[in-house]
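Chains as they are written, first to last, in this note's numbering: chain A, 173 to 357; chain B, 233 to 510.
Where a beta carbon is used, it is the ideal one built from N, C-alpha and C, also for glycine.
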Amino acid sequence: GIDETICTMRLRQNIGQNSSPDIYNPQAGSITTATSLDFPALWLLKLSAQYGSLRKNAMFVPHYTLNANSIIYALNGRALVQVVNCNGERVFDGELQEGGVLIVPQNFAVAAKSQSDNFEYVSFKTNDRPSIGNLAGANSLLNALPEEVIQHTFNLKSQQARQVKNNNPFSFLVPPQESQRRAVA
Amino acid sequence: PQQNECQIQKLNALKPDNRIESEGGFIETWNPNNKPFQCAGVALSRCTLNRNALRRPSYTNGPQEIYIQQGKGIFGMIYPGCPSTFEEPQQPQQRGQSSRPQDRHQKIYNFREGDLIAVPTGVAWWMYNNEDTPVVAVSIIDTNSLENQLDQMPRRFYLAGNQEQEFLKYQQQQQGGSQSQKGKQQEEENEGSNILSGFAPEFLKEAFGVNMQIVRNLQGENEEEDSGAIVTVKGGLRVTAPAMRKPQQEEDDDDEEEQPQCVETDKGCQRQSKRSRN
Numbered sequence: 173g174i175d176e177t178i179c180t181m182r183l184r185q186n187i188g189q190n191s192s193p194d195i196y197n198p199q200a201g202s203i204t205t206a207t208s209l210d211f212p213a214l215w216l217l218k219l220s221a222q223y224g225s226l227r228k229n230a231m232f233v234p235h236y237t238l239n240a241n242s243i244i245y246a247l248n249g250r251a252l253v254q255v256v257n258c259n260g261e262r263v264f265d266g267e268l269q270e271g272g273v274l275i276v277p278q279n280f281a282v283a284a285k286s287q288s289d290n291f292e293y294v295s296f297k298t299n300d301r302p303s304i305g306n307l308a309g310a311n312s313l314l315n316a317l318p319e320e321v322i323q324h325t326f327n328l329k330s331q332q333a334r335q336v337k338n339n340n341p342f343s344f345l346v347p348p349q350e351s352q353r354r355a356v357a
Numbered sequence: 233p234q235q236n237e238c239q240i241q242k243l244n245a246l247k248p249d250n251r252i253e254s255e256g257g258f259i260e261t262w263n264p265n266n267k268p269f270q271c272a273g274v275a276l277s278r279c280t281l282n283r284n285a286l287r288r289p290s291y292t293n294g295p296q297e298i299y300i301q302q303g304k305g306i307f308g309m310i311y312p313g314c315p316s317t318f319e320e321p322q323q324p325q326q327r328g329q330s331s332r333p334q335d336r337h338q339k340i341y342n343f344r345e346g347d348l349i350a351v352p353t354g355v356a357w358w359m360y361n362n363e364d365t366p367v368v369a370v371s372i373i374d375t376n377s378l379e380n381q382l383d384q385m386p387r388r389f390y391l392a393g394n395q396e397q398e399f400l401k402y403q404q405q406q407q408g409g410s411q412s413q414k415g416k417q418q419e420e421e422n423e424g425s426n427i428l429s430g431f432a433p434e435f436l437k438e439a440f441g442v443n444m445q446i447v448r449n450l451q452g453e454n455e456e457e458d459s460g461a462i463v464t465v466k467g468g469l470r471v472t473a474p475a476m477r478k479p480q481q482e483e484d485d486d487d488e489e490e491q492p493q494c495v496e497t498d499k500g501c502q503r504q505s506k507r508s509r510n
């Protein structure tokens, strides 16, 4: 019965700019992902992909992919990207421009800030169900730690630990700060 | 794995060959470059936590199994995207003051001697000893797992502090050889740090929405040199968690010790278990 299954398998899915995004903030940008859950052919490939679009001065918070390497290809515009390894060393600190590729190994932390009006990228991931762990913002790792654990882990006062947990209400994409928005306008 | 790693003629029982002291305990490691470890594709370490010691959150590039050899305490794991289901009760509102926001965090678990803890790849976890007996935890990282898409070298990513990464020494040893002098120099220069310390302060200021003083703490800059991966919590850690239940075995033992009650019937006194169930 493979002719009804493998042979007729859906082999195309649009994740580009005009598709329906999974994460969206009109001031910050959008992210669309294709995993084996919504695109079953990827289960055979053990690969997945993410399309992202960042507005000027918007930021993708520091994060890491738990179970995959990421191959980021810049489609349009430019962004300032930083990548950090397990020893806390910044192993990449530079601009990623249209046509450029950056490979971010599994578990390395990465953050990006758009330098142009619209930075677009596609990130290929070497797992069909990649998991992303955010280090800042809502639903981040630090947000999910008890306040006292944050306090003693980072040697902070109680009030400061609360700020670390709660000050950023955005989960993935942070819109530009008010001053930056005004400058753009 | 490279070839010949499992061409082993003789096996020896191995003891840890490195020890890293911290404020609240120490971590011992076995050299993962040893042939048997490379053959098995694993890395082993043992962590000892004194009373009120908190092992700072970290994650690794492979799945981990942790066996509690001694002691009891609490631990937490952070699954990205999962809700924070443990909630601190709302503080009563005082006149003229806004109510204190509740703290919410992901589930906290108790552990005791004999427990096996499973930590998936990339999931951050922390551990705390709230008893007098030191906690001794032996953990294995399966670097040969399909979940690890990096090389065979174990890597621990700390979220906080500026402590030495326990496998960094071996990483540098492996890179050594002709570069041994350079490696030694690097070892002296590079004390290791947490993953947030590698980002530009302005990035973190914006990502967390906090001031530069807090950013410096996040990057481990205001640290005492010897605090390390395990810190001592003065006065003890207060977190929202249910009281520890008695272990099942002890409950069963208690049941056995219970004397059956005497129930009067027309045939005299008959023994009946105290615990009648529906």
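Starting from the Cα of residue i, find the closest Cα among the options and give me that residue.
i       : options                            : result
R448(B) : Q189(A), N338(A), L328(A), A316(A) : L328(A)
K267(B) : Q241(B), Y291(B), E255(B)          : Q241(B)
L317(A) : K337(A), N299(A), G305(A), I243(A) : K337(A)
T237(A) : K285(A), R334(A), G272(A), V256(A) : V256(A)
K228(A) : R301(A), V346(A), I244(A), D289(A) : D289(A)
N265(B) : Y390(B), K466(B), D383(B), L450(B) : D383(B)
G468(B) : N361(B), E453(B), G354(B)          : N361(B)
A246(A) : L183(A), Y293(A), S225(A)          : Y293(A)
E379(B) : A308(A), R301(A), L209(A), R262(A) : R301(A)
K247(B) : G273(B), Q404(B), S277(B), N236(B) : S277(B)
R262(A) : R470(B), T317(B), E455(B), S425(B) : S425(B)
G224(A) : S312(A), N299(A), K285(A)          : K285(A)
G308(B) : A240(A), L214(A), E319(A), N339(A) : E319(A)
E270(A) : R250(A), F280(A), K297(A)          : R250(A)
I300(B) : L400(B), L428(B), E456(B), V368(B) : V368(B)
G452(B) : D175(A), N279(A), F342(A), I322(A) : I322(A)
Determine the burial state of residue i: buried for a count of at least 16 other Cβ atoms within 10 Å of its Cβ, exposed for fewer.
i       : result
G294(B) : buried
R387(B) : buried
C279(B) : buried
T204(A) : buried
E363(B) : exposed
C314(B) : exposed
S371(B) : buried
E420(B) : Residue placement at E420(B) is poorly supported in this model, since its pLDDT is 45, which falls under 50; the coordinates are not used for a value here.
S191(A) : exposed
Q254(A) : buried
S290(B) : buried
P374(B) : Contrary to the premise, residue 374(B) reads as Asp rather than Pro in this sequence. Its Cβ being crowded by 16 or more others within 10 Å, D374(B) is buried.
D335(B) : buried
C258(A) : buried
P234(A) : buried
S330(A) : exposed
G188(A) : exposed
P198(A) : exposed
T261(B) : buried
Specify the secondary structure class of residue i as computed by DSSP and reduced to three states.
i       : result
E398(B) : coil
N449(B) : helix
V255(A) : strand
M385(B) : coil
N340(A) : coil
E421(B) : Because E421(B) carries a pLDDT of 45, less than 50, the predicted location of this residue cannot be relied on, and the following value inherits that uncertainty. Of the three classes helix, strand and coil, the one that applies to E421(B) here is helix, per DSSP.
V465(B) : coil
G415(B) : Caution is warranted here: a pLDDT of 47 is assigned to G415(B), below 50, making its placement in the model unreliable, and the coordinate value is therefore given only provisionally. Looking at G415(B) - three-state DSSP - the assignment turns out to be helix.
L345(A) : strand
E490(B) : Residue confidence is low: E490(B) scores 45 on pLDDT, short of 50, so the model does not pin down where it sits. No coordinate-derived value is stated.
G430(B) : helix
S254(B) : strand
K329(A) : coil
R336(B) : strand
L216(A) : helix
M181(A) : coil
V321(A) : helix
F582(B) : No information on residue 582(B) is available, as it lies outside the stretch 233 to 510 that chain B covers here.
F211(A) : coil
S410(B) : Per-residue confidence for S410(B) stands at a pLDDT of 43, beneath the threshold of 50, marking its modelled position as unreliable; the derived number appears in the next sentence. It is helical.
Could you tell me which whole beta strand (DSSP E) segments of length 3 or greater appear in the segment 256-322 of chain B? The segment 256-322 of chain B is shown to contain whole beta strand (DSSP E) runs of 3 or more residues at 257-261, 274-281, 285-292, 296-302, 305-310, in chain order.
Contained beta strand (DSSP E) runs [length at least 3] in the segment 222-306 of chain A, N- to C-terminal order: Correct list: 231-237, 242-248, 250-256, 262-269, 273-276, 281-286, 290-297, 304-306.
With 7 Å as the limit, tell me which residues of the segment 390-407 of chain B have their beta carbon closer than that to any beta carbon of chain A; keep them in chain order. For the segment 390-407 of chain B, the beta-carbon criterion of a distance under 7 Å to any beta-carbon of chain A is satisfied by L391, A392, Q397, L400.
Using a beta-carbon distance cut-off of less than 8 Å, what residues from the segment 462-473 of chain B approach chain A? Within the segment 462-473 of chain B, the residues whose Cβ lies closer than 8 Å to some Cβ of chain A are V463, V465, L469, R470, V471, T472, listed in chain order.
Within 9 Å of chain A by C-beta, residues of the segment 303-320 of chain B in sequence order: If the cut-off is 9 Å between Cβ atoms, the segment 303-320 of chain B has G308, I310, Y311, P312, G313, C314, P315, S316, F318, E320 near chain A.
Residues of the segment 373-384 of chain B with Cβ closer than 8 Å to any Cβ of chain A, in chain order: So the close ones are E379, N380, Q381, L382.
Residues of the segment 343-363 of chain B whose Cβ lies closer than 9 Å to any Cβ of chain A, in chain order: Using a CB distance below 9 Å, the part of the segment 343-363 of chain B facing chain A consists of P352, T353, G354, V355, A356, W358, Y360, ordered along the chain.
Using a beta-carbon distance cut-off of less than 7 Å, what residues from the segment 213-231 of chain A approach chain B? Closer than 7 Å at the C-beta level to chain B, one finds these residues of the segment 213-231 of chain A: M231.
Contact list for the segment 315-336 of chain A against chain B, Cβ threshold 8 Å: Taking 8 Å as the Cβ-Cβ cut-off, the segment 315-336 of chain A approaches chain B at N315, A316, L317, P318, E319, E320, V321, H324, T325, F326, N327, L328, Q332, R334, Q335, V336, given in chain order.
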